[in-house]
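To start, the structure under review is shown below, and the notes come after it.
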Amino acid sequence: MEDLTEVYNELIMEHSMSSYNKKKLENADYCEIGHNPNCGDEITLELKLNGNVIEDMAFLGHGCAISQASTSIMIDTLKGKTIEEAKEIIKTFIEMIKRETTNEEELKKLEDAIAFKNVSNMPARVKCALLAWHTLEDMLDKNKEEGNGKIEECH
Numbered sequence: 223m224e225d226l227t228e229v230y231n232e233l234i235m236e237h238s239m240s241s242y243n244k245k246k247l248e249n250a251d252y253c254e255i256g257h258n259p260n261c262g263d264e265i266t267l268e269l270k271l272n273g274n275v276i277e278d279m280a281f282l283g284h285g286c287a288i289s290q291a292s293t294s295i296m297i298d299t300l301k302g303k304t305i306e307e308a309k310e311i312i313k314t315f316i317e318m319i320k321r322e323t324t325n326e327e328e329l330k331k332l333e334d335a336i337a338f339k340n341v342s343n344m345p346a347r348v349k350c351a352l353l354a355w356h357t358l359e360d361m362l363d364k365n366k367e368e369g370n371g372k373i374e375e376c377h
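Using this note's numbering, the letters of the sequence shown correspond one by one to residues 223 to 377.
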């Protein structure tokens, strides 16, 4: 049986090299820029909602393999989920990376994003893995505060 770490590493490399989620999203409702000044990773995350459900997401930007793959896998994991479900999954992902949870049942919610579990052993890479998740969390919090007002073009 193949080592799970190998499978996860392959998944991360696959998403970092050829992400079908890396594109401009037409008719996005929301957009947020995430930046990690420590290493220069930068993403622009775009989100399209259908009521309370994440209908589509995409990203543009540049950065290391971990930040790019984490963004792409986050999109795959959260597409089709409600905002509440997404927030719960984001919280679990952040707790996993910060080693605040090791509960296997909780971690199952992360689907493929569990591939980043070992990043918690690499302090320099933690911010790379969390960039997209924190960016989306900020976007969803703003969305709530602004009473679902559409955000204009991202600049």
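Even glycine gets a Cβ: it sits at the ideal position worked out from N, Cα and C.
| query | result |
| --- | --- |
| Backbone CA spacing between residue 358 and residue 308 [nearest angstrom] | 9 Å |
| Alpha-carbon to alpha-carbon, residue 227 and residue 362 | 32 Å |
| Counted within 10 angstroms of its Cβ, other Cβ atoms place residue 365 as buried (16 or more) or exposed | buried |
| Sequence-distant residues of its chain with Cβ nearer than 6 Å to residue 280 (five each side left out) | 243, 245, 247 and 268 |
| Own chain residues within Cβ distance below 6 Å of residue 317, not counting five before or after | 323 |
| Boundaries (first-last residue) of the alpha helix (DSSP H) holding residue 298 | 287–300 |
| Sufficient close CB pairs (3 or more, under 8 Å) joining the segment 277–291 to the segment 251–269 | yes |
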